[in-house]
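Numbering-wise, the working numbering puts 267 at position 285 of the sequence shown, and it's gapless, one number per residue. Beta carbons are placed, not taken as given, at the ideal position from N, Cα and C, and that holds for glycine. The structure appears below as structure tokens.
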Amino acid sequence: FDIIVTDMKLPGMGGLSLVHEIRKKEESVSIVVVTAYSSVKTAVEAIKCGADDYLTKPINIEELKLVLEKIWERQQLIAQNRMLKEKLKDKYKSSGLVGSTPQMKQIFHMIADVAPSTASILILGETGTGKELVANAVHCQSDRACMPFVALHCAALSEGVLESELFGHEKGAFTGAVQTRKGRFEMADGGTLFLDEVGEMSLKVQVKLLRVLEKGEFERVGGEKTLKVDVRLITATNRNLEKEVSEGRFREDLFYRLNVITIHLPSLRERRDDIPILSNFFVIKYTKKYKKEIKGFTPEAMESLCAYHWPGNVRELENVVERAIVLCKKNTISVDHLPGNVVPDKDDMSVIKIPVGISLKEAEKEIIQKTLQMTRGSKKEAARILSISHRKIEYKVKEWG
């Protein structure tokens, strides 16, 4: 049932008990109680127990119709909002934020945990790891999901342009300001604002940003009117902000305001087991875009993708897969469709290249994984080549999930 109309006096069970039992078993059903004029107080108690409305006897048909129409409209609105929220929650799943490694499962749990709050979030990670995707996922799972999600990349913008982009400007504020323009904070009012590469921001702009975080107010460039906004701020950087603070390039008070919650995104080389699932995800995405019928990769092509160190992370992988889809004339992507830097030199198969800048722990993982690829998964042979015990190989593989 969608709506139940019930009398307060029923044989075998009182109306209040019935309302209570219905509400325990079914939250979505609307309940209207009918009562004598003398027991309106009881009807009010029924509403406190979970009834949606009440009618007094004798029932007026027009009044009954109005009550039922009002409840039906409310049910439709609730259903529409529920559907919209579900769509928004699932939106990030189709955006490229996918993975099944322990690192990504931890990220997904973190997103679910922090989304309901209004706390500021700082996302740390290398370029191309998907920081904006995480910010969008947080927004889509929050109570602000039906409100705007606005993103701005702070790098490559001059101080004046960035200030105008963030806070807007009044007509005549500077040369070229031919009309009043809203900034990103106004556009995101009620929703979420994502600022990427926040570490590139000048100290002057940092002061204005701090004021918005502390008081929720600002003035447009060239304006005198103070504007109020309600915005959840999510920022991201690939810089070490603590170092920037110690060297005087980033305000310490702003750093602590931004860093209420921190999410660390792993590089793609730290979650190599996600490369096949990501690659196939992008195949599905770009076969639809280019209207092609490509099933996947040859074993050699996938082996090359898994062995490459991906300095550009997920963004670079997506670019490589899109390029391969465009070039591929068959139904399977081979090494011939991959760029030369991704495919290892046949004369150099026994050489393991370790990119500069990775930790000793990452280098160990890189060496063991590539040796296992070379031995086609034989842990015994890999242990022999690396002069370590078979047990250590087993332990390391289990540790990486």
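Buried versus exposed, by CB contacts within 10 Å (16 or more), residue i
| i | result |
| --- | --- |
| V189 | exposed |
| N295 | buried |
| M183 | buried |
| G173 | buried |
| S146 | buried |
| M(-5) | exposed |
| T353 | buried |
| Y272 | exposed |
| L59 | exposed |
| D95 | exposed |
| D34 | buried |
| D125 | exposed |
| G165 | buried |
Where residue i sits in the DSSP three-state scheme
| i | result |
| --- | --- |
| S82 | coil |
| R163 | strand |
| H384 | With the chain represented from -17 up to 383, any question about residue 384 goes unanswered, as that position is not in the structure. |
| K153 | coil |
| G(-4) | strand |
| F176 | strand |
| V203 | strand |
| L247 | coil |
| L209 | strand |
| T219 | strand |
| I103 | strand |
| I340 | coil |
| W385 | In the structure as shown, the chain begins at -17 and stops at 383. Residue 385 is therefore absent and cannot be evaluated. |
| V265 | helix |
| L191 | helix |
| P258 | helix |
| K7 | helix |
| Y272 | coil |
| Y290 | coil |
| E229 | coil |
| I367 | helix |
| M356 | helix |
Contact belief for residue i with residue j at Cβ below 8 Å, rounded distance in angstroms
| i | j | result |
| --- | --- | --- |
| L215 | S99 | With a Cβ gap of about 12 Å, L215 and S99 do not count as contacting. |
| R221 | L185 | Actually they do not touch by this definition, with Cβ atoms about 15 Å apart. |
| R193 | Q351 | That belief does not hold up - the Cβ atoms of R193 and Q351 are roughly 48 Å apart, past 8 Å. |
| F149 | F167 | 6 Å |
| I(-15) | I53 | 6 Å |
| V80 | L260 | 6 Å |
| K274 | I307 | 6 Å |
| E199 | A137 | Not a contact, Cβ separation roughly 26 Å. |
| Q123 | I93 | 6 Å |
| E44 | L(-2) | Rounded, the Cβ-Cβ distance is 27 Å, inconsistent with contact. |
| P321 | V302 | 6 Å |
| E141 | V187 | 6 Å |
Residues bridged to residue i (per DSSP)
| i | result |
| --- | --- |
| V(-13) | V14 |
| G278 | T314 |
| Y36 | V15 |
| R214 | T174 |
Minimum C-alpha distance to residue i - residue among the options
| i | options | result |
| --- | --- | --- |
| I276 | D95, N313, A28 and R305 | N313 |
| V(-13) | E108, V16, S10 and M(-5) | V16 |
| A97 | D(-16), C31 and I245 | I245 |
| F156 | V203, A138 and E141 | V203 |
| E344 | L250, P281, I370 and G81 | L250 |
| E376 | G112, L368, K361 and S124 | K361 |
| L223 | T217, V213 and F237 | F237 |
| M284 | V379, K271, N262 and E9 | N262 |
| K39 | E8, L59, K(-9) and T83 | K(-9) |
| E381 | K267, M129, L368 and E346 | E346 |
| F176 | L104, K210, K164 and E3 | L104 |
| Q88 | P248, I367 and N301 | P248 |
| P258 | N241, E300, L48 and K374 | E300 |
| V11 | M86, T24 and G32 | G32 |
| G112 | R297, E226 and A28 | R297 |
| G278 | E45, F264 and V187 | F264 |
| S286 | T24, A133, H319 and P84 | H319 |
Cβ-heavy atom distance, residue i to the ligand NAP, below 7 Å
| i | result |
| --- | --- |
| V302 | Judged by which ligands are present, the structure shown has none, so any question about the ligand NAP falls away. |
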